[in-house]
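Protein chains in written order, with the working numbering: chain A, 31 to 429; chain B, 31 to 429. A virtual CB, placed ideally from N, CA and C, is assigned to each residue, including glycine.
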């Protein structure tokens, strides 16, 4: 904590959801921010004096969202492909190349501006920690550019050179590139290695090779698995002790058992489930089996062009049939665990004294309003590391 | 048009969706507002001079939403009932009495403040015309209060004394009350009469009696029908030439045929479909049969506590499988038709020279972004009768 930073008291909190196992949820609460940390949490009636004070008049406060799966850095738009899908054409991984072409053609400044705009939009919706993947470059130069921009804009960066074999390239040569020069070029900027383990992308053996190369370069592991079929991605993620396996739409009973006995988080991506019209990930089944869950936006221009974790949480309750408590945990502590940010003094996803001041204020009395009021943008303020963030949307330069 | 009002040019419109059959959709467009009317629409390159000018830099402009079905005037919160439903308890009409009790206990000022807050929230999301129903009073005094507040806050008011027979009252006596003194008390303030024609509420014969009494008092007709089963509400609505029948989750082939051959609009309520976990209204089937559709929020504290027409339109595309064009029409001109506001110089739901200046600006290049970017609050400005409205949310009094 920074003893010289002015302290800020947030009081009149009608419902304070901490996601901390000891603090739980309290009412008529207050908290104090000093610098980038939470300095005090307790009843509003015994709040200490502070340099500045904000009465939120009974509104709800909760941790900022931890969005553990995005493809935030890209150029171009795939609304035409989206419209075709809505008219009945099924999703195929090949659409990724549309974004690859636009991304390769974009300057680093354009990519940075686009990713910053989306990050600001996410912050306006309550997100305080965000992951970003490469994977729209698929050549050494562009993947390195995406990794650099990702490291500037996001909290955690994932190398997804193994998103697809670019058409016309030899599979073996491309795998050698991904696991060799491309990995070397991105490694200074990234924390995770990822692979799209799916028919039409990479099979289990190819995926294992990519993941092990990343591990040898010091990266943690995550997998895109079982989105379009029982790809074997889940079993591979568990076999290698990956931090998470994401999508998980198509699971055998053995996949569920493997996850339940593992330390691997299953990440559901409700925006993609709706936009691809894929079978919904069986989140209720996974939760009942005791699998650790995360919910993420999967923000990307092909299959889930949303930054709204509120929308994803509401969908997970309304349609995936998670309880509110399960969905909130998945979008905070679950995401933190998927990113390896769930331990130590800088752990995110909970509100606790000494922890990062990453929190959001709702224009609602309770977190129950998140699924109860779908589509209504409830987050009216987000503090990240103690700094109040607002969207550009909040003061548009109109008239 | 008011010749003395300052003219305002909105230019740099990347995509202008007018919903007018002749004007269609154009690009690089501009429009001029004078007073409460649209005075000019055309290419940005030939826009006339105006007293003030706003360049929207390629963003999309479309008509404001016409939300033809809400229960905007109420007190209390049913988030606990919502949570129970999410945990598996099915929706039953009886939950309405929870809101009736809270509403009867509220003052007119409290009801007005709550409804105004929701109307402002709806306006921030692009809604420029809104209907509001009574139906949480169910006694003469409270129904009259709801009608008065509705007339202050909404554009169209509907009498829904026949929402439910309050427990403990004799059905016959309650019907006499609704069609007699209650109707007389609300009639000066309302435009439509409505009935919840459903098992647990009113049967077809009772519903017919209510509707005919309303018609005799000079009101237009609308019906809550076929939400929880094949209630006969659809057939009754068609029989009586009602302007709309709303919910329409459970339809026989004969119901669809009856609608297709009628002038009655079928109104789908996507928020309620998700929140009640009822079978989705078969909107695709209805559209293919040539039935006129509306999409409305059904904003109410029990089954659809959202004002977000963007959410409803996105859900109608993603899940009800309407095309974007069908969904946009249903949420603008379809709503106007359901409310009888689709004709004459004051017709709403389209943008045309001489028509009301009811429009919204998206922070997106295209209306396709509405379903493509679910959960992201895209509307950044709404003009209603030429007046720029912003949500209180846009400048929260924080720090």
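### Query
Helix, strand or coil for residue 214 (chain A) per DSSP?
helix
### Query
Who are residue 253 (chain B)'s beta bridge partners in DSSP?
B:275
### Query
Using 8 Å as the limit for Cβ to Cβ distance, is residue 151 (chain B) near chain A?
yes
### Task
Tell me whether the beta-carbon of residue 159 (chain A) lies closer than 8 Å to the beta-carbon of residue 94 (chain A).
yes
### Query
Would you report the Cα separation of residue 408 (chain A) and residue 244 (chain B), rounded to the nearest angstrom?
39 Å
### Message
Below 8 Å, how does it come out for the region 324-343 of chain B and the region 292-300 of chain B: are there three or more Cβ pairs, yes or no?
### Response
yes
### Query
Can you name the residues that DSSP bridges to residue 329 (chain A)?
None; residue 329 (chain A) has no bridge partner.
#### Entry: Beta-carbon proximity list for residue 317 (chain A), same chain, < 7 Å, skipping 5 on both sides
323, 352, 356
### Query
Would you say the beta carbon of residue 349 (chain A) comes nearer than 7 Å to a heavy atom of the ligand COA?
This structure lacks the ligand COA, and indeed carries no ligand of any kind.
### Message
With a threshold of 8 Å between beta-carbons, can residue 116 (chain B) be considered close to chain A, or not?
### Response
yes
### Query
So what does DSSP say about residue 390 (chain B), is it helix, strand or coil?
strand
### Query
Are residue 406 (chain A) and residue 306 (chain B) close, meaning C-beta to C-beta below 8 Å?
no
### Message
Residues in the same chain with beta-carbon distance under 7 Å from residue 257 (chain B), minus the five sequence neighbours each way, listed in chain order, please.
### Response
228, 277, 279, 308
### Task
Determine the closest residue to residue 111 (chain A) out of B:412, B:411, B:398, with distance taken between C-alpha atoms.
B:398
### Query
Whose C-alpha, out of A:102, A:125, A:117, A:101, is nearest the C-alpha of residue 108 (chain A)?
A:125
### Query
residue 87 (chain A) versus chain B: which residues are under 9 Å apart at the beta carbon?
None at all; the shortest Cβ gap to chain B is about 10 Å.
### Which of helix, strand or coil DSSP assigns to residue 337 (chain A)
coil
#### Entry: Supposed close pair residue 187 (chain B), residue 180 (chain B) - CB separation, criterion 8 Å
4 Å
### Query
Are the Cβ atoms of residue 391 (chain B) and residue 38 (chain B) separated by less than 8 Å?
no
### Query
Is it the case that the Cβ atoms of residue 266 (chain A) and residue 253 (chain A) are separated by a distance below 8 Å?
yes
### Message
So residue 165 (chain A) and residue 193 (chain A) are supposed to be a Cβ contact under 8 Å. How far apart are they, rounded?
### Response
4 Å
### Query
With C-beta atoms as the reference, is residue 102 (chain B) less than 8 Å away from residue 162 (chain B)?
yes
### Query
Roughly how many angstroms separate the alpha carbons of residue 417 (chain A) and residue 386 (chain A), rounded to a whole number?
11 Å
### Query
Excluding five sequence neighbours on each side, which residues of the same chain lie with their C-beta closer than 6 Å to the C-beta of residue 189 (chain A)?
164, 216, 220, 223
### Minimum Cβ-Cβ distance from residue 96 (chain A) to chain B less than 8 Å
no
### Interfacial residues, the region 292-310 of chain A to chain B, with Cβ spacing under 7 Å
301, 304, 305
### Query
For the region 395-422 of chain B, which residues have a beta carbon sitting closer than 8 Å to at least one beta carbon of chain A?
395, 396, 398, 399, 401, 402, 403, 404, 405, 406, 407, 410, 411, 418
### Query
Run through DSSP, which three-state label would residue 120 (chain B) get?
coil
### Task
Leaving aside the five residues before and after residue 333 (chain A) along the sequence, list all residues of the same chain whose C-beta is less than 7 Å from its C-beta, in chain order.
121, 302, 305, 306
### Query
Between residue 201 (chain A) and residue 208 (chain A), is the Cβ-Cβ spacing less than 8 Å?
no
### Message
Let's test the definition: count the other Cβ atoms within 10 Å of the Cβ of residue 81 (chain B) and tell me whether it reaches 16, buried, or not, exposed.
### Response
exposed
### Task
Leaving aside the five residues before and after residue 425 (chain A) along the sequence, list all residues of the same chain whose C-beta is less than 8 Å from its C-beta, in chain order.
Here the model assigns residue 425 (chain A) a pLDDT of 36, short of 50, so the residue's position is not dependable, and the following value carries that caveat. For residue 425 (chain A), where only same-chain residues beyond five positions count, there are no Cβ hits under 8 Å.
### Task
Give the range of the beta strand (DSSP E) segment to which residue 83 (chain B) is assigned.
82-85
### Query
The beta strand (DSSP E) spanning residue 206 (chain A) covers which residue range?
Run containing residue 206 (chain A): none in the beta strand (DSSP E); it sits in the alpha helix (DSSP H), 201-207.
### Query
Which whole runs of the alpha helix (DSSP H) in the region 285-312 of chain A are 4 residues long or more, in chain order?
300-306
### Query
Applying a beta-carbon distance threshold of less than 9 Å, which residues of chain E neighbour residue 56 (chain A)?
Looking for chain E here will not work: the only protein chains present are A and B.
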